[in-house]
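Participant:
Numbering (this note's numbering), first residue to last: 458 to 1097.
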């Protein structure tokens, strides 16, 4: 039996590219799925969004990036983001001090020790504000998070028989072969889709999420293109906060009744390879019409976090820095020294990592972003980024740790602060009224000035920390952990609001801004900006020390979903000898200012298009060689 080196083909479609390869699809026998109990661990799953240069392992319970699961935002030779988790908070009282109805009365709380719900409080008990989040938990398997995978996801949203170990671990990717964690429904792995019985009584997989929208339909609710996916790799999952009372404190915190539906997209095209998109809607499944709602993210960034083997060689997070961009609605982290202090980077500049808000709800009251007395956002305007606050991990809002060595709040035994839910909401809302001096110092950082040798504090913007002030306090950098938020907005019972975002990587702030523009442009175009053409059918013929690839012309006839043009341009052939980790010789393109893998062959149409693309990313389009539908590789060893 001869095993040949995997060959990867790349198709050019205008200025777009598609990476495709034959994946060993794991077949499922005809096994009926039985209804399982509402155990949150049973309904959990993960996905690997890895079509682009940016690669992320995604969990389906509110932690979009998790440092316990590799890769945690891998880009180049390193990973950069230990945690990105959703936060949604609601107030306890209105501006006149009157309690909202949802904050008063008896509450049903899930008690993890009893595996059951119990009633707490009376008809007059005031619970205050609450924030649903998934980043405070420190228990094994994160079994006390507020967000949890939707009940029976393993029946209706993914196939629990397809595991990460079987599909990725056996290929030497991301995990180990014995990993039994199920995979989230993934567009290019139909075996991960849930199974239903059709009219003929036969089991069939079905896609549980939305398909691509028709770009020619300009209505508010464009029709779906059935069977057409948005990106090279779509995933779909849902989660809610029904278990938001699993911590040990039964005096604060309660479920809001918010359910998140998430579609995520990964692209191989060079223009979007540094971006992973999350199209998310927040649904209010409760009986309450909520006001004063804030959504946002806990963002823990380390530049760098680990290498591509999942190893952190040293403490790298104490000399980082961060920032935010209110024009483009993103927060980011970077290494203050560029990574030159770490020998293991081998001179590779470390990346900038960001979370960008793509679409947020509309404002229900005016918002003054810079605290200058003039409103920057009017009622009905999209909110965007309205808050950003850094804090030390050891003074996490609501934590009551036993010191730098623990025990740590969130471990299932150590108490939280009595104002945990309130202070988290106040940070998201930029509300400093009535907070303690220590909370003011830890979570609301003022502008600072250097007067002689002294550093003097100036004004505080309750919505945004002063980056200049933090740089004066920490000129050698610091550990970057922050909350970014958007609000306030309202969400009525039974209604939903958009809360879409993207994780973005860049080589520097300029590259980050360009990628943020690309992300917003693609979002505004229904994420269709970089859809690749349909992949051709590829076959391989092997012989002694030789392998030949053949493919059909299906790609050349594919129409651009946006313009309707048949603007296919050509093919590139790449070869990997390490299961897709690298793709041959790496080159630097001086005209585009980017690094890229050098193809072992390139065929493009003999037409007026050749040389370098005139617009970013200015990739090489070929030299009018004419198309070919065959490639023979001779650099192959039998039995390797």
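Yeah, the Cβ is synthetic: ideal placement off N, Cα and C, and Gly gets one too. Computed from a prediction, not measured in an experiment: that's the story for all the values here.
1) Using the C-alpha atoms, what's the distance from residue 773 back to residue 408?
2) May I ask you to list the residues that DSSP assigns as paired with residue 845?
3) Take the Cβ of residue 736 as the centre, count every other Cβ of all protein chains shown within 10 Å, and call the residue buried at 16 or more, exposed below.
4) Using a 10 Å radius around the Cβ and a threshold of 16 neighbouring Cβ atoms, would you call residue 798 buried or exposed?
5) Tell me the residue span of the alpha helix (DSSP H) that contains residue 974.
6) On the DSSP bridge assignment, give the partners of residue 1085 in chain order.
7) Leaving out the 5 sequence neighbours to the left and right, which residues in its chain are closer than 8 Å to residue 794 when beta-carbon positions are compared?
8) Starting from the C-beta of residue 1015, find all residues in its chain whose C-beta is less than 6 Å away, skip the five residues before and the five after it, and write them out in chain order.
9) Taking residue 586 and residue 822 to be in contact with their CB atoms under 8 Å, please state how far apart those CB atoms are, rounded to whole angstroms.
10) In the DSSP assignment, find the beta strand (DSSP E) that holds residue 544 and state where it starts and stops.
11) Please name the residue, chosen from 817, 812, 814, 841, that lies closest to residue 826 on a Cα-to-Cα basis.
12) Can you tell me whether residue 1091 is helix, strand or coil according to DSSP?
13) Which same chain residues, not among the five before or five after residue 857, have their C-beta less than 8 Å away from its C-beta?
14) Within 7 Å of any Cβ in chain D, is that where the Cβ of residue 683 sits?
15) Quick check on the burial criterion: 16 or more other C-beta atoms within 10 angstroms. Buried or exposed for residue 996?
16) Taking residue 544 as the reference, give the member of 592, 692, 663 with the closest Cα.
17) Exposed or buried, what is residue 722 when buried is set at 16 or more other beta-carbons lying within 10 Å of its beta-carbon?
18) In the DSSP assignment, what are the bridge partners of residue 816?
19) Please state whether the Cβ-Cβ distance between residue 980 and residue 815 is less than 7 Å.
20) Counting beta carbon pairs with one atom in the region 532-549 and one in the region 502-520, are three or more of them shorter than 8 Å?
21) Just tell me which of 665, 697, 637, 675 has its CA closest to the CA of residue 589.
22) Can you tell which of 648, 882, 669, 675 has its C-alpha closest to the C-alpha of residue 663?
23) Can you give me the C-alpha to C-alpha distance between residue 845 and residue 835, rounded to a whole angstrom?
24) Quick check on the burial criterion: 16 or more other C-beta atoms within 10 angstroms. Buried or exposed for residue 551?
25) With a threshold of 16 other CB atoms inside 10 Å of the CB of residue 941, please say whether the residue is buried or exposed.
26) Return the bridge partner residues of residue 780 from the DSSP annotation.
27) Report the residue from 725, 953, 500 whose alpha carbon sits nearest the alpha carbon of residue 517.
28) Am I right that residue 686 and residue 669 are in contact with their C-beta atoms under 8 Å? What's the rounded C-beta distance?
29) Sort out for me which residues DSSP pairs residue 556 with in a bridge.
30) Exposed or buried, residue 791, counting other C-beta atoms within 10 Å across all chains shown (16 or more means buried)?
31) According to DSSP, is residue 987 helix, strand or coil?
32) Tell me which residues share the same chain as residue 556 and place their Cβ nearer than 8 Å to its Cβ, disregarding the 5 neighbours each side in the sequence.
33) Which partner residues does residue 753 have in the DSSP bridge list?
34) Do residue 978 and residue 809 count as a contact pair if the criterion is CB distance below 7 Å?
35) With a cut-off of 8 Å, do at least 3 Cβ pairs link the region 1054-1068 to the region 1078-1093?
36) Where residue 628 and residue 541 are concerned, what is the direct C-alpha to C-alpha distance, given to the nearest angstrom?
Facilitator: Inspection of the coordinates gives the following:
1) Lying outside 458 to 1097, the shown extent of the chain, residue 408 is not represented and no answer is given.
2) 921, 941
3) buried
4) exposed
5) 966-981
6) Looking at the DSSP assignment, residue 1085 forms no beta bridge with any residue, so it has no partner.
7) 776, 934
8) 990, 991
9) Not confirmed; about 17 Å, so no contact.
10) 540-547
11) 841
12) coil
13) 866, 871, 872, 873, 874
14) The displayed structure is made up of one protein chain only, and chain D is not part of it.
15) exposed
16) 592
17) buried
18) 957
19) yes
20) yes
21) 697
22) 648
23) 20 Å
24) exposed
25) buried
26) 789
27) 500
28) 6 Å
29) 550
30) buried
31) Only weak support is given to the placement of residue 987: the predicted model assigns it a pLDDT of 49, under 50, and the value that follows is read from those uncertain coordinates. Residue 987: coil per DSSP, three-state reduction.
32) 549, 550, 583
33) 544, 942
34) no
35) yes
36) 27 Å
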